[in-house]
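Per the working numbering, residue 13 is the first one in the sequence shown, and the count goes up by one each step. Following: one structure in C-alpha coordinates, then a few remarks.
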Amino acid sequence: MKGITKNVTFPAKVTVTDNTINAIAKFNVDRTQWNVVYPGQTNDLIRNEIHFGIKVKATK
13 MKGITKNVTF PAKVTVTDNT INAIAKFNVD RTQWNVVYPG QTNDLIRNEI
63 HFGIKVKATK
(Lines of atoms letter the chains of each structure in order from A and count residues from 1; the text may use other names and numbers.)
(Lines give C-alpha, C1' and ligand atoms only; values in the text may rest on other atoms or scores of the structure.)
Protein backbone atom coordinates (compact mmCIF):
# COMPACT_ATOMS: atom_id res chain seq x y z
CA MET A 1 0.00 0.00 0.00
CA LYS A 2 1.20 3.49 -0.80
CA GLY A 3 4.51 2.16 -2.14
CA ILE A 4 5.37 0.36 1.12
CA THR A 5 6.05 -3.37 1.01
CA LYS A 6 5.67 -5.48 4.16
CA ASN A 7 5.35 -9.19 4.78
CA VAL A 8 2.04 -10.23 6.32
CA THR A 9 1.56 -13.67 7.83
CA PHE A 10 -1.83 -15.01 8.84
CA PRO A 11 -3.50 -18.27 9.84
CA ALA A 12 -5.49 -20.16 7.23
CA LYS A 13 -7.57 -23.31 7.10
CA VAL A 14 -6.45 -25.44 4.16
CA THR A 15 -8.35 -28.52 3.01
CA VAL A 16 -6.87 -30.88 0.42
CA THR A 17 -8.83 -33.57 -1.45
CA ASP A 18 -7.96 -35.64 -4.52
CA ASN A 19 -8.99 -32.91 -6.97
CA THR A 20 -9.22 -29.65 -5.00
CA ILE A 21 -7.45 -27.45 -2.52
CA ASN A 22 -9.54 -25.00 -0.49
CA ALA A 23 -8.09 -22.26 1.69
CA ILE A 24 -9.96 -19.82 3.93
CA ALA A 25 -8.37 -17.04 5.97
CA LYS A 26 -9.62 -14.08 8.00
CA PHE A 27 -7.24 -11.55 9.52
CA ASN A 28 -6.68 -7.88 10.31
CA VAL A 29 -3.84 -5.52 9.47
CA ASP A 30 -3.09 -2.12 10.94
CA ARG A 31 -3.29 0.40 8.08
CA THR A 32 -1.03 2.85 9.92
CA GLN A 33 1.93 0.50 9.25
CA TRP A 34 1.62 1.60 5.61
CA ASN A 35 1.20 5.31 6.45
CA VAL A 36 -2.53 5.21 5.70
CA VAL A 37 -3.61 7.68 8.38
CA TYR A 38 -6.50 10.05 8.94
CA PRO A 39 -7.02 12.66 11.65
CA GLY A 40 -8.73 11.20 14.70
CA GLN A 41 -12.44 11.79 15.15
CA THR A 42 -14.48 11.55 18.31
CA ASN A 43 -16.89 9.06 16.71
CA ASP A 44 -13.98 6.76 15.65
CA LEU A 45 -15.75 5.65 12.45
CA ILE A 46 -12.44 5.07 10.67
CA ARG A 47 -10.55 2.36 12.50
CA ASN A 48 -6.85 1.56 12.17
CA GLU A 49 -7.50 -2.13 11.55
CA ILE A 50 -8.56 -3.36 8.11
CA HIS A 51 -10.29 -6.76 7.98
CA PHE A 52 -9.42 -9.17 5.19
CA GLY A 53 -11.28 -12.34 4.26
CA ILE A 54 -9.75 -14.61 1.63
CA LYS A 55 -11.26 -17.72 0.07
CA VAL A 56 -9.33 -19.70 -2.57
CA LYS A 57 -10.32 -22.85 -4.43
CA ALA A 58 -7.95 -24.63 -6.80
CA THR A 59 -9.05 -27.58 -8.92
CA LYS A 60 -6.91 -30.02 -10.91
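C-beta atoms are modelled at their ideal positions from N, C-alpha and C, and glycine is treated no differently.
Would you call the CB atoms of F22 and A35 closer than 8 Å? no
Range covered by the beta strand (DSSP E) that runs through A35: 32 to 42 is the span of the beta strand (DSSP E), which, as asked, contains A35.
Let me make sure I understand the geometry here. Which of N47, I66, K67, A24 has the alpha-carbon closest to that of T17? N47
Quick check: what's the CA-CA separation for P26 versus N60? It is Val, not Pro, that sits at residue 26 in the sequence shown. So the two alpha carbons sit approximately 28 Å from each other.
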